[in-house]
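Just so you know, the sequences run in chain order A and B.
Here my numbering is used: the first residue of the first sequence is 63, the next is one more, and so on.
Here my numbering is used: the first residue of the second sequence is 42, the next is one more, and so on.
Glycine is no exception: its CB is placed at the ideal position from the N, C-alpha and C atoms.
Shown next, in structure tokens, is the structure this report addresses.
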Amino acid sequence: MKQLALVIDLYKCVGCHACAVNCKSWNSTGQFGPLKDHDPYGKEPTGVWFNRVQTYEVGSFPDTQVINFPKSCMHCADAPCVSVCPTNASFKREEDGIVLVNYDDCIGCKYCSWACPYGCREFDEFEGVMKKCTLCVDRIYNTDLPEDERQPACVLSCPTRARVFGDINDPQSEASKAISKGMGYKLMPDSGANPSNHYLPHRKVSVKVDDDEITVKKQGAIKAVRRKVDVEEVVIEDFGIGG
Amino acid sequence: MTEISSEVDGHKLYEGQEVKYTTCYMCACRCGIKVTLEDGKVKYIQGNSSHPTNQGVICAKGSAGPMKQVSPARITKPLLRKEGAERGKADFEEISWERAYDILSKRLKKIRGTDPKKLAFFTGRDQMQALTSYWAKQFGTPNFAAHGGFCSVNMATGMIYSVGGTSWEFGGPDWDRTKYVILFGVAEDHDSNPMKLGIGKLKDNGGKLVAVNPVQSGYGAVADEWVPIRPGTDGALIMGMIHVLISNGLYDRKFLLTQTNAPQLVVVDEGGADEGLFWQEDGAEDSDTNVNYVWDTVTLSPKPFGSHAGVKPALVGEFKTPDGKTVKTSFQLLTERVLNDYSLEKVSHITKVPIEQIERIALEIGVTARDETITLPIEWTDAWGNHHTKVDGNPVAIHGMRGLAAHSNGFQTVRALSALMMILGIIDRPGGFRHKPPFPRPIPPCPKPIDDPALIKPNTALPNPELGFPTKPENLLLEDDGSPVRIDKAFSWEFPLTAHGMIQNVITNAYKADPYKIDTLIFFMANMAWNSSMNTSKMIEMLKAKEKDGSHKIPFLVVSDAFFSEQVAFADLVLPDTTYLERYDVISLLDRPISEYTGIADSIRQPVIDPPEGCEPFQETLIKLANKLGLPGFCDDGGKPKFKDYKDFIINWTVAPDTPVGFLSGWRGKDGRDHLIGEPNPNQLDEYIKNKCFFQFELEESLQYNRNINQGYLNWALDHKLIRRNDPIVMRLYSEVMQRFRLSAKGLRPGRQPETKLQRDRIAKYFDPIPFWYPPLEDATVDGKKYTIHAITQRPMVMYHSWDSQNAWLRQVIGQNFMYMNPIKAAELNIDDMQWAWVESAHGKIRVQVKFSNAVQPDTVWTWNSIGKMAGAWNLNPEANEAKKAFLLNHLIAEEIPDGAGGVVSNSDPITGQAGWYDLKVRIYKSDTEGAWPLFDPIKPPPGIINLSGNEGKTK
């Protein structure tokens, strides 16, 4: 069965919020909008966002790691928001696994937001309905858009190209390849929801310089390594590379 | 559903819908954007996938562009401060454009007819210096600059005076090929999306990223290694790394011998006029175009520099020339410097970076550069006629930005950075740092600033530009007694190499009438009353200050802005500007183009929507003013206007009647077939619009590398007037420009010499021809035992300066800034997480909310810049978090520091005049009360402001 989802590479996420703001922009005037704001120029503005970026710190100085963590609806295989919905407004599409809300049927009871293990539901207090990420369902099948733009807005905008969109049940998709290559994982795998979005963890590239890589070629290199010398005493012979 | 009415690039459009391309300006990155409009309103903004700069991606700021169009702070009427109203109260009357022009043109005509330098014209983030600097030059005032003095002139000049090019729009890492990148002091700033794209590529390719930064935000979060350095000490770290590289023979000998002045012979005999200058045969005079000499180890004699058959130059050593002079190679001098002065123990003590980490990273880049060589089968010919069948590269790239620049030791730090890049042999080669044309240019570029006050005359255009690149004291702009001519004291003995001017000095000096009283000050897009100044509280007082007779010390202040910024509130006359979506702009090769490593590129903005009635692009205002004043260049000899509007000017203006180079390089010539050089083409802008608003010309591969000495490239660049000379651009490990100033200060150089001991001591100390590190100047002027903590800012990725708190979406991302402090330091100071605290510098204090972070160097605290706002500014609710909880660090930063001789001097780099706003030292202690301090009386929105707030929800 097809399951569309996002694969997000945390090792590339610089926390720039491009995905979140571009999502907000597209969906504000898209079919599942608007995403209104409350008191936009007031004391403490709030609004509806389908995608939010959180930033965490792990570890103590100097072994600190800042992690930027974009989060939106995981389009779970066993979506608890769907099973708890008393009006069936929340539903999971059979054809592509996208979880959507039918605003006409939503009564704003918020059961779904309590059931969601990931906190990815956004209550629109202006319309009294629950909203959330649609994987830009109004873009990805939209024949009014150029073919290469039939992607979620967050994927197209991401400046480090940290986001891959596709069918995670198709082993040949870019999304599946990214998961297997990048050790993709699911957030809170034991939540029972079986989320579809995946994250790729931070990795560390290290460069190892073995002693022989320096000593073999450094014979005759400028002498005085970590040695205090007066100007007159500096012993310099030039055996730099590439000469 | 209505019918599809048209199709644009695969977009099926319904009635009322349009898709247009233009260039973003939510920050200075200049990405290509595609704007979808519906019923004349901006619906959606996305990246232009065919654009070279951003390749389809777009950042948070660019994505939030639609909300700028519905800002509540939009000014739509010219405003005049009410008779008797105080500056800063925003107490304006609405006036007509006719009256605004009448007031301004009368005033400017009088200034121009008497003493043109009484007009000071300074611009902020404008990207239109090609026009604004030309306008000021034609007006005849030297008192013009953009914001580079506050921003990053050290990054620009430090590299331009060393390697002939600099970062961002003029060069950067070869992200496609590099295997190791070090970012020094890089936050969000410059460039934004290209750097993020590049980091993504580096990760795809498995390369290593190192972030040297006191703070691990942004790019640091995805770095493979974080180097939490103490602010202002990067220069020492780099010299330590050079020490390791040279000690281990990890330098690219061939590159140093052929592309840099490393082997050139410096006279080390003391006391002569040639002390520290390059040795010349037969005592030939020192000049900008000398070839200089190397020591040939075959004939044991000096030979002209260059790659000549049979000559084997020495890279190190001390020699006796035939005329009896003692000389050493530049590389010898640098080696002595790093070995003697920069032991790793000392460097570690200064920087707080462990010895192990310094040495290991240096060895990693050294070995990567040496062993991972990239070879491309590209033929090219060097400046000495040698034909090469391949292009080699060492895949290490280094990029620096404001963390290096905004310190008073920044120029020498960036010189050290350049030296590191030269030693690794990574300039304009595959995998390293690549130039973007029009760079490389001669070191330094040929244009010199106007250097004679006698050339500043009533009703006369300046013969030379206001800004340029001095190479010797004679290039400074001084009165006969050696005092400064410019109001910002640029190109003076105090600040000689001020290639970008010193916007940060303007208010202070105009207030003090030092060196003279000006009449009119014009600010364009510069928030000098708030976040673009040091010591903001004092700036505000100086803007308001009056003479005994009740007139203002700065008599007339004109501000052009599209929005109700803090600066607007202090204006006497406000000119309502347009947004980036409402006007034509050029991103010109004459200013800061969007070129790529492979060739030139420039771009335009086109109006995609109509501005609100009453708003006028500032460019149109400048053209109209020029026409009313009859400025030469804009008008013919009879005073008749040559250009009817800015669009006409963009298309038809040329550098000179016989030089058909204009603002835009694409589709020139009557038939639009030429580029760079060609007659004006009446359809040029249409061609740009057809091509999604940019022009790109790719050089043939043989001209894309080693451009400092690539004769094919140099010839091409000369032919296309990008450079004025096509001799090899030999990189300066050793800077003879520095030494010329130093010799003048020592009294050894004939010609112009500094007047005072203070000036002589300052220049002798800082104009060292070999890079070196010295403590930021503030360290010597404040009590180091009392003020022990470094306080810096970082630019958030979602906000561009003060612009974006008016943006309903972006202010939801950051609406309050905190002072981030390491818990190690907090424990010492007995401060709790989220506690309010006083932050005190030597001359002021602010109250802030502290938040713990392990991602900051323990001797450093930091915050996001420009989040704090004056209550009411940007038409936010005066109770907004930005006004009540957020804060501005600028209040603490001294705009002037003691000069050591009883006076004061601008708190800026003594070489380039870069504002030293990262030098700040503070102490921090608990506060019993909460809330940001200082607070300012709320300013009320002026007449004519419109609140289009389009996305505000209404509760059912």
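Distance from the CA of B/R714 to the CA of B/G707, rounded to the nearest whole angstrom, comes to 8 Å.
Note: B/G434 is bridge-paired with B/I415 in the DSSP secondary-structure output.
By the C-beta criterion, the region 591-598 of chain B is judged not to be in contact with the region 860-870 of chain B, since fewer than 3 inter-stretch pairs fall below 8 Å. Per the C-alpha coordinates, the member of B/Q170, B/S776, B/W757 positioned closest to B/D768 is B/W757.
Under DSSP, the beta-bridge partners assigned to B/Y221 are B/K249, B/V437.
Of all alpha-carbon atoms in B/V627, B/K669, B/V609, B/Q745, the one lying nearest the alpha-carbon of B/Y687 is that of B/V627.
Nearest to B/A197 by C-alpha distance, out of B/I223, B/G509, B/D217, is B/G509.
Three or more pairs of CB atoms, one per stretch, sit closer than 8 Å, so the region 191-207 of chain B contacts the region 448-455 of chain B. Counted as a single uninterrupted DSSP element, the alpha helix (DSSP H) harbouring A/L218 occupies residues 215-219. Residues of the same chain with a CB within less than 6 Å of the CB of B/K669, apart from the 5 flanking positions on each side, are S146 in chain order.
By the criterion of a C-beta distance shorter than 7 Å, B/D167 is surrounded in its chain by T173, A187, F565, M566, once the five residues flanking it on both sides are discounted.
Within chain B, the residues Q257, S258, G261, A262, A896 have their CB atoms less than 8 Å from the CB of A/V128, given in chain order.
Taking 8 Å as the cut-off between beta carbons, none of the residues of the region 165-182 of chain B comes near chain A. Take the alpha-carbon of B/A570 and the one of B/G788: they are about 41 Å apart. DSSP links B/Q58 through a beta bridge to B/E79.
Secondary-structure assignment with DSSP links B/C676 through a beta bridge to B/P673, B/P682.
Against chain B, the CB of A/K74 has a partner CB under 7 Å away; the residue lies at that interface.
The beta carbons of A/N130 and A/F112 sit no closer together than 7 Å.
In terms of beta-carbon proximity, B/M442 stays away from the interface with chain A, with every pair separated by 7 Å or more. Assigned with DSSP and collapsed to three states, B/R140 falls in helix. The shortest CA-to-CA distance from A/D206 to any of B/I45, B/T117, B/L286 is the one to B/I45.
Think of a sphere of 8 Å around the beta carbon of B/H52: the chain A residues whose beta carbon falls inside it are D206, L207, P208, in chain order. Excluding the 5 residues flanking it on each side, B/M463 has same chain C-beta neighbours closer than 6 Å at T301, M772, L774, in chain order. With contacts defined by Cβ atoms closer than 7 Å, B/S533 and B/H932 do not form a contacting pair.
For A/T117, there is no enclosing alpha helix (DSSP H); the residue is part of the beta strand (DSSP E) that begins and ends at 113-120. By the Cβ neighbour-count rule, B/R790 is buried, with 16 or more other Cβ atoms within 10 Å of its own.
For B/W974, the beta-bridge partners assigned by DSSP are B/R888. The alpha-carbon of B/G103 is positioned some 5 Å away from that of B/M67.
Within the same chain, L598, V600 come within 6 Å of B/A612 by CB-CB distance, once the 5 residues on both sides are set aside. About 5 Å separates the CB atoms of B/R836 and B/A228; that is less than 8 Å, so the two are in contact. For the region 408-441 of chain B, the beta-carbon criterion of a distance under 9 Å to any beta-carbon of chain A is satisfied by V408, T409, A410, R411, D412, T414, D433, N435. For B/K344, none of the residues of chain A pass the 9 Å Cβ criterion, the least Cβ distance being about 17 Å. In the structure shown, the three-state DSSP call for A/H260 is strand.
The Cβ atoms of B/I223 and B/V251 lie closer than 7 Å to each other.
Between the region 402-409 of chain B and the region 288-297 of chain B, the count of C-beta pairs closer than 8 Å reaches three or more; the two stretches touch. Taking the CA atoms as reference points, B/H541 sits about 36 Å from B/V83.
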